[in-house]
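Q: Pasting in a structure now, in structure tokens, and then I'll have a few things to ask.
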Amino acid sequence: MRGDQASRLEEKNAMIHVGFIGCGRIADLHVMAYRDYPEARLYAICDPDPETLARRKAEWGPEKAYADYRALLDDPQVDAIEILCPYDQHEPVFLAAVQAGKHVACQKPMTTTLASADRMVAASKQTEKVTKTTEIYLQYPPIALAKRLSDEGAIGEPMGLRINCISSPKGGWNVPARTYEQQVRIAALGLGLETFDHGHHEWATAWHLLGDVERVSAWIDTLNGIVDCPAMVMWKGRNNKRYGVCDFLFCPDLEIPSKYYSNDEMYQLIGSKGLILVNRGTGDLPDRPPVSLYDGAKWTHFDDVAGDWAEGFIGAARNFIAAILGREQPLLTMEQGREVLRFAMAVTLSARKRREVYLDELDHPVPWWHAWWRRRRERRDCVVRSQNRGWRLFGDYGKYAPQARELTMRLPERFDATAVGEWECVIALTLTGESGMSDAQFGLTVQEGRLEVMADALPEHPDLSLTLPAGVWAAILLGKNASRRLSCRGWSSTAAR
């Protein structure tokens, strides 16, 4: 920080002076955070369009107004910057702001390529000032509440996320032609208005609620040659079994009630013992509480949580100021912003390539080789892969066959009556012989909290009939991982019926 700037902030109760670079439509929401706020104020603005600059100065009343962002950055009274210009211009502005010793909040998406993002991340690591990617959905009260409830265990282990995005040309506020021109210009780079620009909100929310993403599959179509929807995106979490799906639909005749853009989003966060519904996004389409929780026993509706979309902008700016004051960590950091950007890039690449895309391949020197190698390696884990190729492709379990009879007869010793409650079932088990063992038949009866095993005969009216190689059955009972993964699913799912 320059000397005069540092000394000013060291004064007791000195307000943080914030500068906006870019004063377009979205700035109407960013400015709300600095109204009647005792710790920071909008001190300076910048926009290259003279009419916009004059109008915003009259509306917002900042002390300074600049046509060139470099002049604003040279102002020693400016402590912090919010970059609100089109995102294909973010990188040079961000690098200059960091070089000028300012705290910087860069609107999402942080930039248009991962190489550009890497330069921005590197610059952020060279400064002691706060830098962040502004993603307002993470501070939007309904989503923030969903995150808190999930972290507190209200729905058990998070398992999946469903997002519905609906947009329309009808409803919402007026969007200047200048904004549309900027969006179409960037869309011409192959970065969709819905799945990349607006999609950043959804990918950041998915990352926030479910964690890092491993791979993505996307289908992106168009109705008019401009808007990139209808679209459907699916993803899998990294090193876990968490999955998500997001659809984008453009409804040309649907009037969407909204004070802001004419679109809305709904979220379902599903856990092992409950689910959370976020019923409010940009607009006011669903006539339901902003958040609802089902904990496996009852519904709780959170009617009092603030559901106005603008609250996310206020929260994001207040997080920026709190980070400058050392009270909070910035959300998103620039590194986290890059990870969300990589997610968005993978969505676009998947639709272009017409295939599943691993996020890691975007950073690999030979992407196609990395993707091919991973697909080849992971195909064997597919549960719906044909089993007619032979059990031995999944391991040679014939060596366990001689133990199959004894292990089966001793099953009652391992039976846990508390795990089945009042459940009753009759199972016909046929083991095909191998490794010198002949075919064998058994009847397994679960009744009144006990398991009985009958050898050398099948029950007349079984609830479940199961046939498999003796070695595989023995491997399952011995706890061999591969066979258990392959075979127990069939038993469990059928028995549940």
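Oh and the sequence shown: position 441 is 512 in the working numbering, straight run, nothing missing.
C-beta atoms are modelled at their ideal positions from N, C-alpha and C, and glycine is treated no differently.
All values reported here derive from a predicted model rather than from experimental measurement.
By how many angstroms is the C-alpha of A415 removed from the C-alpha of Y468?
A: Rounded to whole angstroms, Y468 to A415 spans 44 Å at the Cα level.
Q: Looking at C-alpha atoms only, which residue of R521, F513, P533 is the closest neighbour of D527?
A: Comparing Cα positions, the closest option is F513.
Q: For S221, which of helix, strand or coil comes out of DSSP?
A: S221 falls in the helix class under three-state DSSP.
Q: Would you check if the segment 375-394 and the segment 92-111 touch, i.e. whether three or more CB-CB distances between them fall below 8 Å?
A: Judged by Cβ distances under 8 Å, the segment 92-111 makes contact with the segment 375-394, as three or more pairs qualify.
Q: Distance check for P180 and D268, CA to CA, integer angstroms please.
A: When rounded, the distance between both Cα atoms is 7 Å.
Q: Among A171, T501, C496, which residue has its Cα nearest to the Cα of V543?
A: The residue with the shortest Cα to Cα distance from V543 is T501.
Q: Grab the span of the beta strand (DSSP E) containing T371 for me, first residue to last.
A: That run of the beta strand (DSSP E) goes 370-373.
Q: Are the segment 327-346 and the segment 302-309 touching by the rule of at least three beta carbon pairs closer than 8 Å?
A: Not touching, per the Cβ criterion.
Q: Could you tell me which residues DSSP pairs with H174 in its beta bridges?
A: In DSSP, H174 forms a bridge with A151.
Q: Tell me the residue span of the beta strand (DSSP E) that contains K203.
A: Unbroken beta strand (DSSP E) run through K203: 202-205.
Q: Based on the DSSP output, what are the partners of K135 in its beta bridges?
A: Answer is A115.
Q: Would you say I347 and L220 are within 7 Å of each other, going by their C-beta atoms?
A: Contact flag set, yes.
Q: Return yes when the C-beta of R481 is under 6 Å from any heavy atom of the ligand FAD, and no when it is not.
A: By its list of ligands, the structure shown contains no ligand whatsoever, and the ligand FAD lies outside what it can speak to.
Q: What residue range does the alpha helix (DSSP H) around L412 cover?
A: 405-424 is the span of the alpha helix (DSSP H), which, as asked, contains L412.
Q: With A368 and V287 assumed to form a contact (beta carbons below 8 Å), what rounded beta-carbon distance in angstroms separates them?
A: Actually they are not in contact, since the Cβ atoms of A368 and V287 sit about 35 Å apart, beyond 8 Å.
Q: My assumption, with CB atoms under 8 Å, is that G630 sits in contact with T419. Please give the rounded CB distance.
A: Here the chain has residues from 72 to 568 only, and residue 630 is not among them.
Q: Pick out whichever of R451, E523, T182, G492 has its Cα sitting closest to the Cα of L412.
A: Considering only alpha carbons, the answer is T182.
Q: Please state the DSSP three-state secondary structure of W290.
A: Strand.
Q: Use the C-beta contact count for T489: other C-beta atoms within 10 angstroms, 16 or more gives buried, fewer gives exposed.
A: The residue is exposed, with fewer than 16 neighbouring Cβ atoms inside 10 Å.
Q: So if DSSP puts F91 in a beta bridge, which residue, or which two residues, is it bridged to?
A: Paired residues: I116, E153.
Q: I'd like to know whether the C-beta atoms of T204 and G383 end up nearer to each other than 7 Å.
A: Cβ atoms of T204 and G383: not closer than 7 Å.
Q: Could you give the DSSP three-state label for S363: helix, strand or coil?
A: In this structure, S363 counts as strand in the three-state DSSP scheme.
Q: Count the other CB atoms, across all protein chains shown, that sit within 10 Å of the CB of C453; report buried if there are 16 or more and exposed otherwise.
A: The residue in question, C453, is exposed, as its Cβ has fewer than 16 Cβ neighbours within 10 Å.
Q: Any chance you could list the alpha helix (DSSP H) runs of at least 4 consecutive residues sitting entirely within the segment 238-276, in chain order?
A: Taking only runs of at least 4 residues, the alpha helix (DSSP H) segments lying wholly in the segment 238-276 are 248-258.
Q: Which of the three DSSP states, helix, strand or coil, is assigned to P540?
A: In the structure shown, P540 sits in a strand (DSSP, three-state: E or B).
Q: Across the segment 233-249 and the segment 313-325, are there enough close Cβ pairs to call them in contact, namely three or more that are closer than 8 Å?
A: Enough Cβ pairs lie closer than 8 Å, so yes.
Q: What residue range does the alpha helix (DSSP H) around N334 cover?
A: Counting along the chain, N334 falls outside any alpha helix (DSSP H), though it belongs to the beta strand (DSSP E) covering 334-342.
Q: Out of C236, K424, Q210, point me to the one whose CA is closest to P401's CA.
A: Per the Cα distances, Q210.
Q: Near Y471, which residues of its chain fall below 6 Å by C-beta distance, leaving aside the five closest residues on each side in sequence?
A: So the qualifying residues of the chain are G542, A545, A546.
Q: Do E336 and G315 come within 7 Å of each other at the CB atom, strictly closer than that value?
A: Contact flag unset, no.
Q: Does the distance from the CB of G378 to the CB of I226 come in under 7 Å?
A: Contact: no.
Q: Going along the chain, which unbroken runs of the alpha helix (DSSP H) with 4 or more residues stay wholly within the segment 424-511?
A: The qualifying runs are 438-449, 475-480, 482-485, 488-491.
Q: Does the segment 94-105 touch the segment 123-133, meaning 3 or more C-beta pairs lie closer than 8 Å?
A: The segment 123-133 is in contact with the segment 94-105.
Q: Going by the CB atoms, is the gap between L478 and E206 shorter than 7 Å?
A: For E206 and L478, no; Cβs fall outside 7 Å.
Q: Where do the N-terminal and C-terminal ends of the beta strand (DSSP E) with K569 fall, by residue?
A: There is simply no residue 569 to check, as the chain begins at 72 and stops at 568 in what is shown.
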